[in-house]
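K.L.:
Residue numbers (UniProt numbering): 1 to 313.
(1) Check whether the stretch 162-172 and the stretch 141-154 touch, using three or more Cβ-Cβ pairs below 8 Å as the test.
(2) Nearest by alpha-carbon distance to residue 254: which of 305, 129 and 241 is it?
(3) Just the Cα atoms here: how many angstroms apart are residue 303 and residue 311?
(4) Count the other C-beta atoms from every protein chain shown that fall within 10 angstroms of the C-beta of residue 156, then say buried if there are 16 or more, exposed otherwise.
(5) For the stretch 151-202, list the alpha helix (DSSP H) runs that are entirely contained and at least 4 residues long, ordered along the chain.
(6) Would you report the Cα separation of residue 259 and residue 233, rounded to the nearest angstrom?
(7) With distances taken from CA atoms, which of 122, 109, 293 and 212 is nearest residue 100?
(8) Please state the DSSP three-state secondary structure of residue 230.
(9) When the distance is taken between beta carbons, is residue 189 closer than 8 Å to residue 126?
(10) Rounded to the nearest angstrom, how far is the Cβ of residue 179 from that of residue 194, given a contact under 8 Å?
(11) What residues match up with residue 242 in a beta bridge as DSSP calls it?
(12) Rounded to whole angstroms, what's the CA-CA distance from residue 136 to residue 128? Just pull it up for me.
(13) Counting C-beta neighbours from all protein chains within 10 Å, is the total for residue 287 16 or more, i.e. buried, or is it exposed?
(14) Tell me the rounded alpha-carbon separation between residue 261 and residue 274.
(15) With a cut-off of 8 Å on the beta carbons, I'd call residue 209 and residue 216 a contact; round off their distance for me.
This is how it looks when you write it as structure tokens:
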């Protein structure tokens, strides 16, 4: 065939491309610097040349790159953290005792408790206590907290200011009368330990400072005033008192100790002191510098003496 002959003649002779580069092996490299030919002719020439040099060999096929499978990162659950205590600066003034603060009387109900019961139904017991105590001045409400069945705790609350309109003896007698009424309730038996609770509660209620939430957080009750906890809490000359609030809401005074370039103070009341690292570094640097200076002076003196001895010889 004519086509086969032309192919063999081209492969055995030198082929000159449109770019003017001749390849002795018969393969043609197209110069990219030639831009005079139109794009269509260049493409046509390159395709024919490729057909000649490949000697009718199929062009290699390139496989498409494999798509990586998506990876799933397991979710991690952060470990629970315990909130750290916070420190707040003290307010400048004191406060009056909260007039709505309440006294809390707690009585345990259950087998062998302050009040024994044959059928410890909590709602029945609460109603019995309410009927017995609600006539006392300052009575607020009653709730119960189950500790371990069949035992639970009855909380009786009184307005502090109203309950204290009674004197100590009257308060004690009114509580005992209420307990006697409970003892007359079917299924409930007031033991002698309840009388002791009534006596102690009457004495405790002599002071409004024994009420619940008598003062705001960070204050302590003194008579009829609420004084900040930092008042009278000495941190010496090198600290400042601040309040530390724990995660459970309890406040306590804490000394924040001072530090400067020379001294760092520590301790519960900032009573301990130590030289700061910066000052230690300065002292060490000064000592080393003095030794280096002295060493240089000694070397200079020795060199001068060596010269003098050499010149005399």
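For glycine and all other residues, C-beta sits at the position ideal for the given N, C-alpha and C. This one's a predicted model, so the numbers in the text were calculated from it and none came from an experiment.
P.N.:
To lay it out plainly:
(1) Touching, no, given that fewer than three Cβ pairs across the two stretches are closer than 8 Å.
(2) Nearest C-alpha to residue 254: 241.
(3) If you draw a straight line from the Cα of residue 303 to the Cα of residue 311, it is about 12 Å long.
(4) By the Cβ neighbour-count rule, residue 156 is buried, with 16 or more other Cβ atoms within 10 Å of its own.
(5) Note on the stretch 151-202: whole alpha helix (DSSP H) runs with a minimum of 4 residues are 160-163 and 168-183, in chain order.
(6) Take the alpha-carbon of residue 259 and the one of residue 233: they are about 20 Å apart.
(7) For residue 100, the closest of 122, 109, 293 and 212 by C-alpha to C-alpha distance is 212.
(8) In this structure, residue 230 counts as coil in the three-state DSSP scheme.
(9) Cβ distance not < 8 Å, so residue 126 and residue 189 don't count as in contact.
(10) Separation of the CB atoms of residue 179 and residue 194 is rounded to 5 Å, and the pair is thereby assigned contact status at 8 Å.
(11) DSSP lists 254 as partners of residue 242.
(12) So the two alpha carbons sit approximately 14 Å from each other.
(13) When all chains shown are included, residue 287 counts as exposed.
(14) Straight-line measurement puts the Cα of residue 274 at about 11 Å from the Cα of residue 261.
(15) Taking the Cβ atoms as the reference, residue 209 lies roughly 13 Å from residue 216, outside the contact range of under 8 Å.
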